[in-house]
Amino acid sequence: MDDYNDFFMKTMELLLRKDKKTISSNGLKQLKNIKFTEDMKEETCPISLEKFKEGEEITGLPCNHKYKEKYILKWLKEEKNCCPVCRYELCGETDQIGNILDLEKETILNITNVKALID
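Shown next as structure tokens:
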């Protein structure tokens, strides 16, 4: 019975954890490399708050927000597949936890049904 309870508790922990949807290879293709010019509206990276420099390579999203490349790539690959400013969503992929959760849910239902038949 302890194995069942341990399994159930671990599964509940997984169910409470949110899926993290990060950028896919198709999403990376949506990014644009741009040379910063002083006549551009945005002057600083919204993530690092560092000023862009004339001629610096920056990264533009389809929503037209611009970032220093290393900061936006870290955000998109590790946190979320959307613009941190306006939440425009780029092509993404859910980490494997979603597939694991589906299998865990199915297994719990099967174990619960078998347990009900035995009792």
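Counting from 1, one number per residue, gives the positions in the sequence shown under full-length UniProt numbering.
The C-beta atom is built at its ideal place from N, Cα and C for all residues, glycine as well.
Bear in mind that the values here come from a model prediction, so they are computed numbers and not experimental data.
Local Cβ density within 10 Å of T107, reported as buried at 16 or more and exposed below that
exposed
In or out: L49 buried (at least 16 other Cβ within 10 Å) or exposed?
exposed
With G60 as the anchor, note down where its beta strand (DSSP E) starts and where it stops.
57-60
For C83, count neighbouring C-beta atoms within 10 Å of its own C-beta (all shown protein chains included) and say buried if the count is 16 or more, exposed if not.
buried
Since I believe G27 is in contact with N64 (beta carbons under 8 Å), could you give me their beta-carbon distance rounded to a whole number of angstroms?
About 16 Å separates the two Cβ atoms, so there is no contact after all.
Counting pairs of Cβ atoms below 8 Å between the stretch 49-59 and the stretch 33-40, do you hit three or more?
yes
Best match in F7, T11, F52, K29 for proximity to L73 [C-alpha to C-alpha]:
K29
Using DSSP with H/G/I as helix, E/B as strand and the rest coil, what is Y67?
strand
Once you ignore the five residues that flank E54 on each side, which residues in its own chain have a CB closer than 8 Å to its CB?
F36, T37, E38
Taking the continuous alpha helix (DSSP H) assigned at K29, which residues delimit it?
25-29
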